[in-house]
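*Asks:* Before we start, here is the structure in question, set down as structure tokens.
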Amino acid sequence: MSEWIYADHAATTRVSDRALEAMMPFLREEYANPSAVYAPGRRVRRALDRARETVAAAFGAQPGEIYFTGGGTESDNWVIRAAAELQGGEKKRLITSAVEHHAILRTFETMRRRGYEAKVLGVDRNGRISLEALRAAAGKDAALVSVMTANNEVGTVMPVAEIGAAAHDSGAVFHTDAVQAAGHIPIDVDRMGIDMMSFSGHKFGGPKGVGGLFVRKGLPIPPGLFGGGQERGLRSGTENVAGIVGMAAALEESCRNMRENAEKASRLRDRLIRGVLRIPGTRLTGDPENRLPGHASFLFDGVEGEALVLLLDQNGICASSGSACSAGALEPSHVLLAMGFSAEEARGSLRLTLGPDNTDAEIDALLEKLPNIIVRLRSGA
Amino acid sequence: MGKKVMVGMSGGVDSSVAACLLMDQGYEVSGVTLHLYNNEDVGIRKRTCCSIADVEDARSVAAHIGIEHFVFNFGTEFRRDVIARFARGYERGETPNPCIDCNRYIKFGKMLERARLLGADFIATGHYARAERDAASGRWLLKKAKDASKDQTYVLYAMTQDELAHTLFPLGGLCKTEVRRIAAERGLVNARKPDSEDICFVPNGNYAEFLEHVMGIRRQPGNFVDRNGSVLGTHQGLIRYTIGQRKGLGLSFESPKYVLKKDRASNTVVLGDEKDLFCSRFVVGDVNWIAWERLTGPKEAGVKVRYSQSEAPATLYPFEENRAEVRFREPQRAVTPGQAAVFYDGDTVLGGGTILAGED
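Protein chains in written order, with my numbering: chain A, 1 to 381; chain B, 1001 to 1360.
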């Protein structure tokens, strides 16, 4: 067991050995610009194409439907701002859920200020939206429905296929933010009726600062960045080749080992959940059934999540609570508030997210230390 | 290994130098910056993530001097114990001092609690003040800073014995010029950063606008009256005025008129001559004694009734639970309900409390 326990895989993951290995040539000898016409450039271009094929295959998409970006946030921003032009600019209604990442919600805000009818759907106690509410809100002339595949804070997996169908019934284009889900649960863009999808490399063993957007063939999405015309003219800027290759390798590996990884992570997660729920005044948050494999999230009555995370840190455990703002302080989670918890309840949140490296011994250590820390925080000592 | 101390770092020069000095003294030092509000939530339009846009400064100072740095989010407590109290005080017709509440509830309350939880023996701040243990009485005393012009004991009077025993003020024996010199010598990025003066969450000093637009307090126009109750005109709401104010009343008189009193019950603002602003006795509530457990008989003291004023000689009398009566030797101008009155014996802070509205 390493000297610290990393239980924050929803925040980011270790770059897998295979991904790092795949990246190295492009940080060293294969440094040519993939747009260059000479042989080294063509080699790099080929690597980029292969990465695109790998990523497309992982989602049941065509290579021509994958655009590489600088990460999930960029993909989300691009999609929502593009929504205006997707359907000829006539439809003005955009629909999302209250538990989306801020990359979606804050972009929705700017669209609202630009005159769009931006509707935010509430969720139930488990963090899922209601399909009836979605249909009612969408009507027959919505431009875009954007609902995440799985929630980053509470791990709830949304009924994506049903949401996609409902979106299409209303004439809307369906986007899903799959940043937290990609590489962890099966995603098939055709079967799930997904028109556009955001993903991010560092959530499944790839490097940070690289992600992508799937856009179904034929959807007239406007460019996200203007410039030299890379990514078939839609996302200019010299490609982050090493990052893209590393992300593709990590995604390929994650999908190949998905069942095995998920079984292991779920087993550890369920042990962890059972053990943590033995602590009095503790609740599981998120959907007990439809949740990400390694994802466990809790509320502790009478405990400040921020203090809890700091004490866990002192005990060598990396965990999270709420959503960190850029200053590094923790804000009350908008997700928990949307799920109907009070601000006071939401303060006592803890998220423990496991990955392929976690072990039974680490769960033992967590379950040994956590109850004492909770007792200490509640006694105010 | 030295004792552990967690220094409250605002990103400014004082707390940065405080951290350096504690390291020199052999303490095991870490830094913490408090995240107290989001700018947009308090109506500051500059859209940054955090109140203290100075978090980045503090972090870079901490990295520069080689200490760990934390950020604690005390937004909930700040809203409840500082901003809401400030608004309620104004609604009651008082002129509250939120910096005192922030020190009391946030810095020496919440921050000390959190620091102890994380294993710190002490907290420290860049305040200009001194804490000393009195051998004879065994009590912890709060004393003025060596640099009298920078002394901040006025905003620290609410500190408890426990808080004083676990707080270090490394700047208490230094002058501001020395502090700036130390900062410059150590290459601290913020060595020339100006001192902050205003209430942090109302940086433009327009409290009425803050209360109306951010806190949603509806100002209710009412009457200006003289001391006999005769109506002199219409005021724009109690929150727009403060005791001793002369300008901005929107009325003209043959001789200058001053705000003497704000009466919430009748929603009137009483105006009068400058001489009527002077008062010779008042009562303070919510008193915190530092030099002794309780006041048992009359006691001579210098009394300071606002941050920027010097002390005036007075006698303190015990008065009910948690209260004391102050009788000045000479009447003092514009004693304002909601502000703090702090009692001194020379350099020593005896205690202090909140000025209560008169019963007349």
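Using N, Cα and C, we set each Cβ at its ideal position, and we do this for glycine too.
Tell me the start and end of each unbroken alpha helix (DSSP H) in the region 1211-1247 of chain B that is at least 4 residues and wholly inside, in chain order.
*Replies:* none
*Asks:* Got a sec: is the Cβ-Cβ distance from B/F1072 to anything in chain A below 8 Å?
*Replies:* yes
*Asks:* Can you name the start and end residues of the beta strand (DSSP E) that A/V349 belongs to?
*Replies:* Going by the sequence as given, residue 349 of chain A is Ser instead of Val. Run containing A/S349: S349 to T353, per the beta strand (DSSP E) assignment.
*Asks:* Let's test the definition: count the other Cβ atoms within 10 Å of the Cβ of B/N1097 and tell me whether it reaches 16, buried, or not, exposed.
*Replies:* buried
*Asks:* What residues in the region 1118-1136 of chain B have a beta carbon less than 9 Å from any beta carbon of chain A?
*Replies:* Under the 9 Å Cβ criterion, the region 1118-1136 of chain B contributes L1118 and G1119.
*Asks:* Taking CB distances under 8 Å as the criterion, tell me whether A/E109 reaches chain B.
*Replies:* no
*Asks:* Just to make sure I have the definition right: I need the residues of chain A whose C-beta is within less than 8 Å of the C-beta of B/T1076. Which are they?
*Replies:* By Cβ distance, chain A contributes P332, A343 and R347.
*Asks:* Quick one: any contact between the region 1051-1068 of chain B and the region 1030-1041 of chain B, if contact means 3 or more CB pairs under 8 Å?
*Replies:* yes
*Asks:* Please report how far the alpha carbon of B/T1048 lies from the alpha carbon of A/H102, in whole angstroms.
*Replies:* Reliability of the predicted coordinates at B/T1048 is poor, the pLDDT of 44 falling under 50, and the value obtained from them is presented with this limitation in mind. Taking the straight line from one Cα to the other gives about 15 Å.
*Asks:* Roughly how many angstroms lie between the CA atoms of A/T353 and B/R1079, to the nearest whole one?
*Replies:* 31 Å
*Asks:* Helix, strand or coil: which one does DSSP assign to B/A1148?
*Replies:* B/A1148 falls in the helix class under three-state DSSP.
*Asks:* For A/A161 versus A/A142, is the C-beta spacing smaller than 8 Å?
*Replies:* no
*Asks:* Can the beta-carbon of A/G305 be found less than 8 Å from the beta-carbon of A/L330?
*Replies:* yes
*Asks:* Which of the three DSSP states is assigned to B/C1175 in this structure?
*Replies:* It is coil, neither helix nor strand.
*Asks:* Less than 8 Å between the CB atoms is what I'm expecting for B/E1091 and B/I1217, so what's the real figure, rounded?
*Replies:* 6 Å
*Asks:* Would you call B/Q1332 buried or exposed, if buried means 16 or more other Cβ atoms sit within 10 Å of its Cβ?
*Replies:* buried
*Asks:* Given a cut-off of 8 Å on the beta-carbon distance, is the pair B/F1072 and B/H1035 in contact?
*Replies:* yes
*Asks:* How is the beta strand (DSSP E) around A/L213 delimited, first residue to last?
*Replies:* Taken as a continuous stretch (DSSP letters only), the beta strand (DSSP E) holding A/L213 covers G211 to V215.
*Asks:* Please report the Cβ distance between B/I1123 and B/G1008, rounded to the nearest whole angstrom; I am assuming they are in contact, meaning their Cβ atoms lie under 8 Å.
*Replies:* 7 Å
*Asks:* So, for A/V15: in the same chain, excluding its five sequence neighbours on each side, which residues have a beta-carbon less than 6 Å away from its beta-carbon?
*Replies:* P207
*Asks:* For A/E306, which residues in chain B fall below 7 Å Cβ to Cβ?
*Replies:* F1072 and N1073
*Asks:* Closest Cβ-Cβ distance between A/L336 and chain B: below 8 Å?
*Replies:* no
*Asks:* Can you tell me the Cβ-Cβ gap for A/K285 and A/L336, rounded? I've got them flagged as a contact below 8 Å.
*Replies:* Residue identity check: residue 285 of chain A is Thr in the sequence provided, not Lys. About 7 Å separates the beta carbons of A/T285 and A/L336, which is inside the 8 Å limit, making them a contact pair.
*Asks:* Determine the closest residue to A/P159 out of A/S333, A/A136 and A/T176, with distance taken between C-alpha atoms.
*Replies:* Minimum Cα distance to A/P159 is reached at A/T176.
*Asks:* Mind the definition here: the region 1134-1141 of chain B touches the region 1176-1185 of chain B only if three or more C-beta pairs lie below 8 Å; say whether that holds.
*Replies:* no
*Asks:* Any Cβ of chain A within less than 8 Å of the Cβ of B/R1114?
*Replies:* yes
*Asks:* Taking B/I1239 as the reference, which of B/F1201, B/E1040, B/V1231 and B/V1259 has the closest Cα?
*Replies:* B/V1259
*Asks:* Can you pull the chain B residues whose beta carbon is under 9 Å from the beta carbon of A/L310, in chain order?
*Replies:* F1070, F1072, R1114, L1117 and L1118
*Asks:* Which residue marks the beginning of the beta strand (DSSP E) containing A/I95, and which one marks its end?
*Replies:* That run of the beta strand (DSSP E) goes R93 to S97.
*Asks:* Work out the CA separation of A/L310 and A/G183 for me, nearest whole Å.
*Replies:* 30 Å
*Asks:* If the cut is a Cβ gap below 9 Å, which residues of chain B does A/Q387 touch?
*Replies:* Because chain A in this structure spans residues 1 to 381, residue 387 of chain A falls outside the shown range and cannot be described.
*Asks:* State buried or exposed for B/S1051, treating a residue as buried only when at least 16 other CB atoms are found within 10 Å of its CB.
*Replies:* Confidence at B/S1051 is low in this model, with a pLDDT of 47, below 50, so the placement of that residue is unreliable and no value is reported for it.
*Asks:* Quick check on the DSSP output: what are the complete beta strand (DSSP E) runs of length 3 or more inside the region 185-268 of chain A, in order along the chain?
*Replies:* Within the region 185-268 of chain A, the complete beta strand (DSSP E) segments at least 3 residues long are 196-200 and 211-215, listed from N- to C-terminus.
*Asks:* With burial defined as no fewer than 16 other Cβ atoms inside 10 Å of the residue's Cβ, what is the status of B/H1213: buried or exposed?
*Replies:* exposed
*Asks:* Less than 8 Å between C-beta atoms, sequence neighbours within five positions excluded: which residues of the same chain meet that for A/D360?
*Replies:* L268 and R271
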